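First the structure, in the form of structure tokens, and then the observations on it.
Okay, structure coming up:
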């Protein structure tokens, strides 16, 4: 299967949008989604935009939910689980009602409803996680214990959060911007590390399917607690226009203790998705590719194909040396 988005060029040439597919309801929807919808010339094209953005937002929601489950105590975990179940039921009911009043575009309305509510829920849980982290910040607690007012304690927490973001921004050099960031224990040493996806500056108007790839950077804390760049790879996340009618092919990153996953996807009628998981090797003191899943689906016929490669098949390849172009492609039958 070719990953070139050129086959979607005709679809991108005609600009048509639908109110049902507007992104105004959720500021967290990516600009690439809006661009994709504006470039779509049919309901099928717009649905591909929704599908791609929903995959990203659903991954984002699942990642923050897992992080909360790790951070919260037993009682809070139970409460979060119950509230999540209630949210799922409310989302289904609300979006079903939207479909019922949507006329001929009912399916599109329901899908956009699901997308917007998923993105909004991810926003809520991310705010909850940030609040939990701030309340457990030792510097904020010390300020409070010393008799500082609530406003002063909040100021300390806000400054610490800003400092941490500044720490990450220090690794976005040469005009690059942080496209995505995740924090967690990458090497299972009990310290909080970070994973960044950096978007390099664009120096020209690139054609569809052309442009600089993104740089994925691993940041690990040293013995003094400072973040240091351990490794990077600019072969995993494609350029911003390399996803065809689906828009930006970058999906999301997921970080768990001792491992991380990167997901990409794109295409048009023939939609593809790749998932790469790396695990930390104490013996190698590095992250090795542990699992690759490649999928392709014909959105018109429903035909699908999937291949999964394990660590045994992939070999002992470190994150910094991993190159997806050396892997077998997945082809529709």
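In this note's numbering, the protein residues as written are 508 to 840. Just so it is clear, CB atoms sit at the ideal spot from N, CA and C, and this is done for glycine as well. Small disclaimer: the values here were computed from a predicted structure and weren't measured.
Helix or strand or just coil, what does DSSP make of residue 752?
Residue state, collapsed to three classes: helix.
When you compare the stretch 688 to 701 with the stretch 739 to 747, are there three or more beta-carbon pairs, one atom per stretch, that lie closer than 8 Å?
The answer is no - the stretch 739 to 747 does not touch the stretch 688 to 701, with fewer than three Cβ pairs under 8 Å.
Closer than 8 Å to chain B by CB, residue 681:
Structure shown: chain B not included; a single protein chain is present.
Please state the DSSP three-state secondary structure of residue 811.
Residue 811 falls in the strand class under three-state DSSP.
Just reading off the beta strand (DSSP E) that residue 703 is part of, what are its end residues?
Taken as a continuous stretch (DSSP letters only), the beta strand (DSSP E) holding residue 703 covers 700 to 706.
Quick one: is residue 574 buried, meaning 16 or more other Cβ sit within 10 Å of its Cβ, or exposed?
Buried: at least 16 other Cβ atoms inside 10 Å.
With 16 other CB atoms within 10 Å as the buried threshold, where does residue 538 fall?
That one is exposed.
Given this structure, state the Cα-to-Cα distance separating residue 784 from residue 798, to the nearest angstrom.
For residue 784 and residue 798, the gap between their C-alpha atoms comes out near 5 Å.
Nearest-angstrom Cα distance between residue 750 and residue 781?
In a straight line, the C-alpha of residue 750 is about 12 Å away from that of residue 781.
According to DSSP, residues forming a beta bridge with residue 832
Beta-bridge pairing links residue 832 to no other residue.
Quick one: measure Cβ to Cβ for residue 564 and residue 625, integer angstroms, because I've assumed they're closer than 8 Å.
Rounded, the Cβ-Cβ distance is 5 Å, consistent with contact.
Thinking C-alpha only, which one of 766, 761, 820, 752 is nearest residue 776?
For residue 776, the closest of 766, 761, 820, 752 by C-alpha to C-alpha distance is 752.
What are the start and end residues of the beta strand (DSSP E) that includes residue 781?
Element bounds for residue 781: 777 to 788.
Considering only residues of the same chain and omitting the five flanking positions on each side of residue 794, which have a CB-CB separation below 6 Å?
Closer than 6 Å at Cβ, skipping near neighbours: 785, 787, 826.
Classify residue 733 as buried or exposed, calling it buried when 16 or more other Cβ atoms lie within 10 Å of its own Cβ.
Exposed, because fewer than 16 other Cβ atoms sit within 10 Å of the Cβ of residue 733.
Count the other CB atoms within 10 Å of the CB of residue 766; is the residue buried (16 or more) or exposed (fewer)?
Residue 766 comes out buried.
Just reading off the beta strand (DSSP E) that residue 823 is part of, what are its end residues?
Element bounds for residue 823: n/a, residue is neither H nor E.
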